[in-house]
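One line per chain: the protein sequences are A and B, in this order.
Counted the way this note's numbering counts, the first sequence spans residues 14 to 198.
Counted the way this note's numbering counts, the second sequence spans residues 787 to 867.
Beta carbons: idealized from backbone N, C-alpha and C, even for Gly.
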Amino acid sequence: MNFGKHHPKTVSFYFLGLLVALLASGTALSSGQKSQYNSIMSSVDTTLEYEAAREYKEAQAIWYNSKGWFSCDSFCQRNKSRMDAKKTTYDAVRAEGNARVSDAKAVAGVFSEVGVGEARDSFWEYFNRGAKFAKRQSMWDALFTGFRSMGRDESWGEYALKVRGREGGREETAKHTKNVYRRHT
Amino acid sequence: MTLCIFIIGLWSLIQSYQPTLLEGLAFFLLASAAGFATVVTVLGLMFGGAGGAVFTVAKVAEAQIRLQQEQGGGRRHLHQQ
């Protein structure tokens, strides 16, 4: 309650966000908008973009295999100029595709279901990526906490034996518990 | 960090819709607020749940100790009689 009194702007921002996150789904497209949006989107040539990308990657691989560590001879220079030409073509095709997609989006509008849906998908993509990163960091943290329990005068071999011993001890305890259980039943 | 990356990427997403400046700013503000609220709620639930579990375990342990002390005291009382 005190936090709300001391930070009214933050709390209002939070509740506004909560309301938007729960209720906003964007305005529905009219049939005219929908047909215009679909016709522009279908004019985007994805095959052309895919081909341009493939040719650029091939040229890049050829240039990479012909160059030295710190040098590039005439053969390599020729491959490099070919790769640059393919990259220019690829960039142009991609820019053309992006411009068409942008035109289609402009027809729908940012507050439409398309815009809101894209923003929402983008958020959850980043959120899931962040969650995966946090999980990975926790795993590394747990691993290094285990390493830190290694004594100062202990070698890696001794430490490995100790860990193995601990595991062996656990196995022995489990066997003992099983035997006791068997005797009692 | 997720929220920061989302907010940075949001502007280019908005620009691809070619909105007016006012429209773009309004969408940016609302989407940022929604992202902020979602992250705060998820983190609040996560830490609140973990804190609640620890609190409950501590309370149960406290009650158990008190019970054991009372039983021990009772036995001592019986021995004295």
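Taking only runs of the alpha helix (DSSP H) that begin and end inside the stretch 35-114 of chain A, which ones reach a length of at least 4 residues, in chain order? 44-55, 59-79
Please name the residue in 811(B), 817(B), 806(B) whose C-alpha comes closest to that of residue 135(A). 817(B)
Inter-residue Cα distance where the pair is residue 62(A) and residue 43(A): 30 Å
Provide the residue span of the alpha helix (DSSP H) that contains residue 795(B), from first to last. 788-801
Where residue 90(A) and residue 81(A) are concerned, what is the direct C-alpha to C-alpha distance, given to the nearest angstrom? 11 Å
Would you be able to state if there are at least three C-beta pairs under 8 Å between the stretch 813-828 of chain B and the stretch 29-42 of chain A? yes
How is residue 168(A) classed by DSSP in three states: helix, strand or coil? Residue 168(A) falls in the coil class under three-state DSSP.
So residue 106(A) contacts chain B; which residues on that side make the cut at Cβ distance below 7 Å? Under the 7 Å cutoff, chain B gives no residues; its nearest Cβ is about 17 Å from residue 106(A).
Measuring straight from C-alpha to C-alpha, what distance separates residue 65(A) and residue 128(A)? One alpha carbon belongs to residue 65(A), the other to residue 128(A), and they sit about 28 Å apart.
Could you check the C-alpha separation between residue 199(A) and residue 57(A) for me, to the nearest Å? Within the shown structure, residues of chain A are numbered from 14 to 198, placing residue 199(A) beyond reach of any answer.
Spatial distance of residue 154(A) from residue 143(A) (CA atoms): One C-alpha to the other measures close to 16 Å.
Which residues, in chain order, does the stretch 116-135 of chain A contribute to contact with chain B at a C-beta distance below 7 Å? Contacts with chain B (Cβ-Cβ distance below 7 Å) from the stretch 116-135 of chain A involve 118, 119, 122, 123, 124, 128, 131, 132, 135, listed in chain order.
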